[in-house]
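Residue numbers (my numbering), protein chains in the order written: chain R, 1 to 346; chain U, 347 to 692. I have placed the structure first, in the form of structure tokens, so that the comments after it can refer back to it.
Protein chains: 2
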Amino acid sequence: MPEQGSGRAATLEDVARVAGVSRASVSRVVNGKPDVAPRIVEVVQQAIATTGYVPNRAARALVTRRAGTALVVVSGADRSVEGPWGPGEVLADPFFGRLAGGLMSSLRPRDVHPVLMLALTDDERARVVSYVREGSADGVLLVSAEAPDPLPGQLVDAGVPVVLFSRPDHALPVGYVDVDNRAGARLAVDHLVARGCRRLGIVTGPLGVPGAQDRLEGFVEAMAAHGLEPLPPVAGTFSVDSGMAATRELLDAGVDGVFASNDNMGVGAVLAAQERGLVVPDDVAVVGFDDSTAALMCRPALTTVRQPIETMAAQMARLLLEQLDRTDGPVEPTLYAPTLVVRGSA
Amino acid sequence: MPEQGSGRAATLEDVARVAGVSRASVSRVVNGKPDVAPRIVEVVQQAIATTGYVPNRAARALVTRRAGTALVVVSGADRSVEGPWGPGEVLADPFFGRLAGGLMSSLRPRDVHPVLMLALTDDERARVVSYVREGSADGVLLVSAEAPDPLPGQLVDAGVPVVLFSRPDHALPVGYVDVDNRAGARLAVDHLVARGCRRLGIVTGPLGVPGAQDRLEGFVEAMAAHGLEPLPPVAGTFSVDSGMAATRELLDAGVDGVFASNDNMGVGAVLAAQERGLVVPDDVAVVGFDDSTAALMCRPALTTVRQPIETMAAQMARLLLEQLDRTDGPVEPTLYAPTLVVRGSA
DNA sequence: CTGAAAGCGCTTACAG
DNA sequence: CTGAAAGCGCTTACAG
Numbered sequence: 001m002p003e004q005g006s007g008r009a010a011t012l013e014d015v016a017r018v019a020g021v022s023r024a025s026v027s028r029v030v031n032g033k034p035d036v037a038p039r040i041v042e043v044v045q046q047a048i049a050t051t052g053y054v055p056n057r058a059a060r061a062l063v064t065r066r067a068g069t070a071l072v073v074v075s076g077a078d079r080s081v082e083g084p085w086g087p088g089e090v091l092a093d094p095f096f097g098r099l100a101g102g103l104m105s106s107l108r109p110r111d112v113h114p115v116l117m118l119a120l121t122d123d124e125r126a127r128v129v130s131y132v133r134e135g136s137a138d139g140v141l142l143v144s145a146e147a148p149d150p151l152p153g154q155l156v157d158a159g160v161p162v163v164l165f166s167r168p169d170h171a172l173p174v175g176y177v178d179v180d181n182r183a184g185a186r187l188a189v190d191h192l193v194a195r196g197c198r199r200l201g202i203v204t205g206p207l208g209v210p211g212a213q214d215r216l217e218g219f220v221e222a223m224a225a226h227g228l229e230p231l232p233p234v235a236g237t238f239s240v241d242s243g244m245a246a247t248r249e250l251l252d253a254g255v256d257g258v259f260a261s262n263d264n265m266g267v268g269a270v271l272a273a274q275e276r277g278l279v280v281p282d283d284v285a286v287v288g289f290d291d292s293t294a295a296l297m298c299r300p301a302l303t304t305v306r307q308p309i310e311t312m313a314a315q316m317a318r319l320l321l322e323q324l325d326r327t328d329g330p331v332e333p334t335l336y337a338p339t340l341v342v343r344g345s346a
Numbered sequence: 347m348p349e350q351g352s353g354r355a356a357t358l359e360d361v362a363r364v365a366g367v368s369r370a371s372v373s374r375v376v377n378g379k380p381d382v383a384p385r386i387v388e389v390v391q392q393a394i395a396t397t398g399y400v401p402n403r404a405a406r407a408l409v410t411r412r413a414g415t416a417l418v419v420v421s422g423a424d425r426s427v428e429g430p431w432g433p434g435e436v437l438a439d440p441f442f443g444r445l446a447g448g449l450m451s452s453l454r455p456r457d458v459h460p461v462l463m464l465a466l467t468d469d470e471r472a473r474v475v476s477y478v479r480e481g482s483a484d485g486v487l488l489v490s491a492e493a494p495d496p497l498p499g500q501l502v503d504a505g506v507p508v509v510l511f512s513r514p515d516h517a518l519p520v521g522y523v524d525v526d527n528r529a530g531a532r533l534a535v536d537h538l539v540a541r542g543c544r545r546l547g548i549v550t551g552p553l554g555v556p557g558a559q560d561r562l563e564g565f566v567e568a569m570a571a572h573g574l575e576p577l578p579p580v581a582g583t584f585s586v587d588s589g590m591a592a593t594r595e596l597l598d599a600g601v602d603g604v605f606a607s608n609d610n611m612g613v614g615a616v617l618a619a620q621e622r623g624l625v626v627p628d629d630v631a632v633v634g635f636d637d638s639t640a641a642l643m644c645r646p647a648l649t650t651v652r653q654p655i656e657t658m659a660a661q662m663a664r665l666l667l668e669q670l671d672r673t674d675g676p677v678e679p680t681l682y683a684p685t686l687v688v689r690g691s692a
């Protein structure tokens with residue numbers, strides 16, 4: 001077996017010598033360039049095999065000015081209080097897991113590797129910008145966990161290629177993918193009303209987050225369309241606990257149908273109802289949002305509005321790669337249609 | 347503001363010219379080398395500020411032979427059937443989120459960036475090895491999701507620096523960190539017995555996974571120490587569903603105390619008991635393992651054996667960095683003590 | 001304490 | 001279709 005970490009690794013030079021051709025030729029076959037004589041291709045591949053050659057990425061990046069990596073960052077404003085699970089808590093959100101998986105799947109075939117970074121402080125945000133400027137990554141795939149988030153603006157200002165997951169919190173010339181949040185809320189309301197609920201309430205996400213805002217507006221519109229008066233909305237923070245707390249308020253107000261703006265809070269809604277001895281979905285029906293693994297963590301399992309995350313992640317990757325090729329040109333956002341996944345909670 | 351993506355980025359050369367010193371001097375102050383005249387430090391920092399200089403990572407890596415990144419990989423055997431959430435499912439495990447967070451926190455101060463990779467197929471495993479051999483990462487931090495896992499052996503054979511989370515499935519000269527799984531199982535059993543349970547059952551993880559095996563053995567030993575006869579163990583796959591299924595069997599056998607080998611299955615145990623109309627913890631008490639966010643997803647919340655993941659992650663990073671400096675020397679594993687987190691389920 | 005010079009391992013015009 | 005040569009942007013002995 002060639003090159004077992006023994007001695008120094010084989011270089012292009014070594015391969016060229018063994019194959020008896022120039023370094024340029026080796027480079028051409030390694031990179032699959034056209035117009036190379038079959039004879040040369042063969043002898044070079046031979047030499048690569050016997051030397052165990054693997055191209056040095058740094059050397060290649062230095063000349064091509066392409067790192068072959070994308071920075072995947074989860075950002076948000078400073079959270080002074082850290083949860084008991086530390087910074088990992090953001091990553092531990094099942095929703096993020098699904099997104100990360102989708103991103104990885106769509107990046108891999110294009111041969112770009114995802115570097116993970118958290119950007120919750122000014123210092124960390126600065127590091128994100130530096131990382132790209134030093135050429136360590138070709139661009140950024142950003143998902144904001146909170147709003148307002150200064151990072152998208154900083155990235156745009158620095159001329160860093162970036163694609164966001166979900167609409168930025170203020171107008172910005174930047175590409176993003178998003179689900180049609182209003183349509184999703186409508187799906188939830190229609191379903192709840194169809195099964196007989198009349199006193200509907202919403203547990204919203206943090207007010208400043210655009211997606212949360214859109215879901216609230218969609219909820220209100222859908223209610224109006226049904227000629228129904230919604231209970232006053234109650235805000236949560238996308239956590240299970242906040243979902244429970246918010247739902248208790250709705251319960252006090254007499255809800256019989258809860259639309260939670262994400263699955264974690266949907267789980268919280270189910271738990272809150274059950275802690276009052278209520279039966280879900282008979283006494284209170286609950287619909288969540290996302291279709292994350294959290295939806296299966298409660299009984300009855302959560303009926304939820306599914307975002308086509310994997311598709312959206314693939315589109316994010318595509319938009320970023322496009323942006324790298326033609327640095328000019330506008331970046332238009334892409335909106336995806338949500339679907340309803342009916343399970344036991346509504 | 348300097349260098350806004352306009353024109354080409356400033357290089358060492360540019361800084362040197364502006365500062366009126368040699369490139370070597372600039373390099374020295376950029377890297378904080380000692381023995382540089384204060385006068386030079388000052389003028390260089392000045393020039394860096396006005397040029398907006400950021401070192402090119404590829405150029406640096408080419409000469410230092412250090413990428414400044416570590417590959418974080420989740421590996422396992424091929425799983426022919428993919429879950430409804432695709433490959434993201436592995437990452438969506440709340441346990442992994444906590445680990446990833448810990449790894450990131452401990453890597454950051456050492457200025458190494460985590461590149462994420464999944465290695466579920468032979469092809470992906472080969473890519474992991476290549477990635478390090480091409481110099482894109484300095485080493486690997488590996489967590490196996492399943493056993494048997496060929497990757498640790500392949501990495502060792504290729505001479506790639508690697509540290510594992512948890513004991514490998516067969517003897518290997520490789521560093522790893524692990525929790526004292528037997529002690530953890532003992533903690534669970536002692537607690538269950540202390541609260542009056544006598545007919546204890548265990549939901550194990552997949553048989554081949556060393557940690558699952560250790561927890562089972564610890565469980566059996568602890569039972570023996572109490573002079574108790576355990577119910578026949580039932581195996582799960584670390585998922586909520588498998589925990590439910592396994593627990594139904596234990597319930598049929600008349601358990602009054604369940605030790606689940608991870609929190610996901612612990613949640614499943616609680617759900618299974620409740621679906622039979624049983625009250626947790628009065629009729630059946632449940633103890634999980636890990637202390638992941640899943641533990642809070644059910645009511646009553648899960649009593650669980652906590653692994654000091656953040657500490658373990660930090661140690662993984664430390665072991666890897668040490669290994670990079672002195673490529674020789676043995677790597678001894680580190681074992682951590684688990685603690686019991688008492689919540690409502692037991 | 002500082003600078004001139006070599007060299008890290010590639011890719012890419014440019015001739016031929 | 002192929003090769004000689006320049007150059008990407010750094011770091012690091014080596015002199016001085």
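No residue lacks a Cβ here, since even glycine has one placed at the ideal position from N, Cα and C.
Which listed residue (the options) has its alpha carbon closest to that of residue i
i, options, result
"glycine 268 (chain R)", "R:Gly254, R:Ala235, R:Ala9", "R:Ala235"
"alanine 225 (chain R)", "R:Pro333, R:Gly20, R:Asp149, R:Asp190", "R:Asp190"
"valine 506 (chain U)", "U:Leu670, U:Ser691, U:Pro679", "U:Leu670"
"arginine 8 (chain R)", "R:Gly52, R:Val21, R:Arg23, R:Ile40", "R:Gly52"
"glutamine 315 (chain R)", "R:Phe219, R:Asp178, R:Ala16", "R:Asp178"
"glycine 153 (chain R)", "R:Thr304, R:Ser105, R:Gly97, R:Leu172", "R:Leu172"
"valine 193 (chain R)", "R:Ala59, R:Ala346, R:Thr304", "R:Ala346"
"glycine 485 (chain U)", "U:Gly422, U:Ala493, U:Val520, U:Ile394", "U:Val520"
"alanine 483 (chain U)", "U:Met463, U:Thr467, U:Val489", "U:Met463"
"glycine 366 (chain U)", "U:Ala472, U:Arg385, U:Leu596", "U:Arg385"
"alanine 591 (chain U)", "U:Gly573, U:Pro576, U:Leu577, U:Val616", "U:Val616"
"proline 109 (chain R)", "R:Arg318, R:Asn262, R:Leu91", "R:Arg318"
"threonine 247 (chain R)", "R:Gly227, R:Leu228, R:Thr293, R:Leu278", "R:Leu278"
"phenylalanine 605 (chain U)", "U:Ala531, U:Arg444, U:Arg622", "U:Ala531"
"valine 419 (chain U)", "U:Gly542, U:Val475, U:Thr680", "U:Val475"
"leucine 574 (chain U)", "U:Gly542, U:Cys644, U:Pro627", "U:Gly542"
Whole-number beta carbon distance between residue j and residue i, since they are thought to touch under 8 Å
i, j, result
"proline 380 (chain U)", "alanine 416 (chain U)", "In fact, because the Cβ distance is near 28 Å, the residues do not count as touching under 8 Å."
"valine 633 (chain U)", "alanine 534 (chain U)", "4 Å"
"serine 144 (chain R)", "glutamate 310 (chain R)", "About 20 Å separates the two Cβ atoms, so there is no contact after all."
"glycine 125 (chain R)", "serine 75 (chain R)", "A quick correction: the sequence has arginine, not glycine, at residue 125 (chain R). Indeed, because the Cβ distance is near 7 Å, the residues count as touching under 8 Å."
"phenylalanine 96 (chain R)", "aspartate 290 (chain R)", "So it is not a contact: roughly 10 Å between Cβ atoms."
"leucine 91 (chain R)", "alanine 446 (chain U)", "5 Å"
Length of the line joining the Cα atoms of residue i and residue j
i, j, result
"glutamate 359 (chain U)", "glutamate 134 (chain R)", "15 Å"
"serine 512 (chain U)", "leucine 642 (chain U)", "24 Å"
"aspartate 439 (chain U)", "arginine 343 (chain R)", "21 Å"
"proline 579 (chain U)", "glycine 554 (chain U)", "14 Å"
"proline 308 (chain R)", "alanine 337 (chain R)", "8 Å"
"arginine 65 (chain R)", "threonine 303 (chain R)", "47 Å"
"asparagine 181 (chain R)", "valine 651 (chain U)", "39 Å"
"glycine 564 (chain U)", "threonine 237 (chain R)", "40 Å"
"valine 509 (chain U)", "leucine 497 (chain U)", "12 Å"
"leucine 408 (chain U)", "valine 26 (chain R)", "20 Å"
"proline 556 (chain U)", "glycine 266 (chain R)", "36 Å"
"threonine 685 (chain U)", "arginine 561 (chain U)", "14 Å"
"tyrosine 522 (chain U)", "leucine 449 (chain U)", "14 Å"
"alanine 183 (chain R)", "asparagine 262 (chain R)", "15 Å"
"alanine 54 (chain R)", "alanine 493 (chain U)", "The question names alanine, but residue 54 (chain R) in the sequence shown is valine. Distance between the alpha carbons of valine 54 (chain R) and alanine 493 (chain U): 29 Å."
"leucine 488 (chain U)", "valine 112 (chain R)", "20 Å"
"glycine 551 (chain U)", "threonine 293 (chain R)", "19 Å"
"alanine 49 (chain R)", "valine 30 (chain R)", "12 Å"
"valine 405 (chain U)", "arginine 98 (chain R)", "The displayed chain sequence assigns alanine, not valine, to residue 405 (chain U). Their backbone Cα atoms lie some 35 Å apart in a straight line."
Kindly provide the ranges of any beta strand (DSSP E) runs that are 3 or more residues long and lie completely inside the region 384-472 of chain U, ordered along the chain.
415-421, 459-465
I want to know whether the region 200-207 of chain R touches the region 254-266 of chain R - three or more CB-CB distances under 8 Å.
yes
Inside the region 122-183 of chain R only - beta strand (DSSP E) runs reaching at least 3 residues
139-144, 162-165, 175-179
Entirely within the region 190-276 of chain R and at least 3 residues each: give me those beta strand (DSSP E) ranges in chain order.
200-204, 257-260
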